[in-house]
Amino acid sequence: MALIAVNDLSVGYGSQIVAENINFKVEAGDYLCIVGENGSGKSTLMKTLLNLQKPVKGEIIKGDGLKENEIGYLPQHTDVQKDFPASVKEIVLSGCLGRSGFKPFYTSADKKLASENMERMGITDLAGRSYRELSGGQQQRVLLARALCATRKLLLLDEPVSGLDPKVTAEMYSLIAELNKEGVSIIMISHDIGAAVGYADHILHIGGNVFFGTREEYLGSKLGRFFLMRQSRDDESMPLFKPRKKNPYSIMMSEDSGTAEAEEGNASEETSAETAVKNASENDDTRVQAADNDNVNDKEVNDNDR
Ligand code: ADP
């Protein structure tokens with residue numbers, strides 16, 4: 002059974018729906034990226050997964066033995082959090098609160114776990130420092146260590162690289178990818194389609210168009226290609242990413258059916274975006290340069306193109 006199965010979910014505030022028709026599954030070990038326009042409801046969906054917000058409609062089924070307190074959460078970095086007046090060690094330890102059953106003290110097992118996770122995130126030497134004195138990248142490592150104290154099963158990350166410089170962003174993405182390789186399931190909101198298709202194995206795109214599938218299927222869909230190309234146009238510094246497999250992006254797209262079939266190394270009618278991503282996959286640290294394609298516009302990305 003999946004860790005999380007979401008069926009016909011609508012999310013929002015009161016009766017106000019901000020995103021609907023959401024269906025997806027997360028299996029143990031998956032890495033899911035949630036993408037979509039600003040304001041499309043990504044954070045609201047994450048709050049709903051965390052039970053901080055009631056679904057307007059539909060259901061969220063947690064399975065595979067996943068308990069509520071086994072979901073680690075890295076919230077969006079706010080200015081208030083950046084100024085939090087506590088030491089690194091205190092913040093990391095606070096991740097054990099749910100696990101220790103809200104005892105008024107931390108057990109030696111909690112302290113050991115906090116030390117291990119600080120070590121894992123490379124922040125042991127910062128343990129006594131005040132959180133608010135740290136750089137943005139160091140603060141995110143502290144929050145990841147905290148989230149890992151809550152769970153090794155599932156991490157929910159809301160824009161974990163927002164505000165970080167490109168080098169620290171790449172380090173953060175690679176740290177998250179390592180955790181995933183170690184078996185931690187990841188659900189990450191990202192505004193960065195390039196990074197999403199570089200790291201995740203599944204993509205959930207919400208907004209006017211809703212898509213859920215593997216990243217290869219997403220890259221083969223008009224919606225995915227459109228967003229990848231548009232981001233590369235808007236943002237000259239597309240993110241660094243490391244594809245997991247060699248050349249996973251040779252995808253034949255059936256325009257009639259709107260379905261994508263993976264056909265390794267044998268795509269005869271690639272789009273410019275596919276070519277760009279494929280070329281990038283041959284060189285691990287290449288920046289994706291998806292070429293311009295003036296024939297793709299918003300009108301073309303309609304429900305039939307998923
Ligand atoms: P995203 O994460 O995709 O940028 P959000 O989930 O933050 O989108 O927001 C989706 C919509 O919900 C936006 O129109 C936003 O203004 C609205 N919204 C966010 N938080 C609240 C709230 N607490 N009450 C009412 N509306 C909200």
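Each position in the sequence shown, counted from 1, maps to that position plus 1 in this note's numbering.
For each residue, glycine too, the CB sits at the ideal point set by N, CA and C.
It should be emphasised that the depicted structure is a prediction, and the values quoted were computed from it without experimental measurement.
Within 10 Å of its beta-carbon, does residue i have 16 or more other beta-carbons around it, so buried, or fewer, so exposed?
i, result
"alanine 110", "exposed"
"serine 233", "buried"
"serine 136", "exposed"
"glutamine 17", "exposed"
"phenylalanine 25", "buried"
"glycine 195", "buried"
"phenylalanine 106", "exposed"
"proline 167", "exposed"
"tyrosine 74", "buried"
"glycine 42", "buried"
"methionine 122", "buried"
"tyrosine 14", "exposed"
"lysine 68", "exposed"
"threonine 49", "buried"
Reducing DSSP to helix, strand and coil, say where residue i ends up.
i, result
"serine 109", "helix"
"phenylalanine 228", "helix"
"cysteine 34", "strand"
"methionine 173", "helix"
"lysine 63", "strand"
"threonine 215", "strand"
"glycine 221", "helix"
"aspartate 159", "strand"
"glycine 13", "strand"
"lysine 168", "helix"
"leucine 205", "strand"
"lysine 58", "strand"
"serine 88", "strand"
"glycine 42", "coil"
Suppose the cutoff is 7 Å on Cβ atoms and the five residues either side in sequence are ignored; what does the same chain contact list for residue i look like?
i, result
"methionine 119", "Val93, Thr125, Ala128 and Ala146"
"aspartate 159", "Ser44, Met47, Leu75, Pro76, Gln77 and Ile190"
Hey, could you find the ends of the alpha helix (DSSP H) residue i is sitting in?
i, result
"methionine 2", "Methionine 2 -> no alpha helix (DSSP H), and no H or E assigned at all."
"arginine 133", "First-last for arginine 133: undefined, no H or E at that position."
"arginine 147", "137 to 151"
"glycine 199", "194 to 200"
For the beta strand (DSSP E) that contains residue i, what are its first and last residues?
i, result
"lysine 26", "17 to 27"
"methionine 189", "186 to 190"
"tyrosine 74", "72 to 75"
"isoleucine 124", "Segment: none, isoleucine 124 is in no beta strand (DSSP E) and carries neither H nor E."
"leucine 51", "Counting along the chain, leucine 51 falls outside any beta strand (DSSP E), and DSSP gives it neither H nor E."
By Cβ distance below 8 Å, which residues in the same chain neighbour residue i in space, the five residues on each side in sequence not counted?
i, result
"phenylalanine 85", "Ile92, Tyr132 and Arg133"
"leucine 165", "Gly137, Gly138, Gln141 and Met173"
"lysine 90", "Ala115, Met119, Ala128 and Gly129"
Can you find the residues in the same chain that come closer than 6 Å, C-beta to C-beta, to residue i, ignoring five residues on each side of it along the sequence?
i, result
"phenylalanine 228", "Ile194"
"alanine 6", "Lys26 and Ile62"
On the three-pair Cβ rule with 8 Å, is the region 58 to 67 touching the region 206 to 220?
These segments do not touch.
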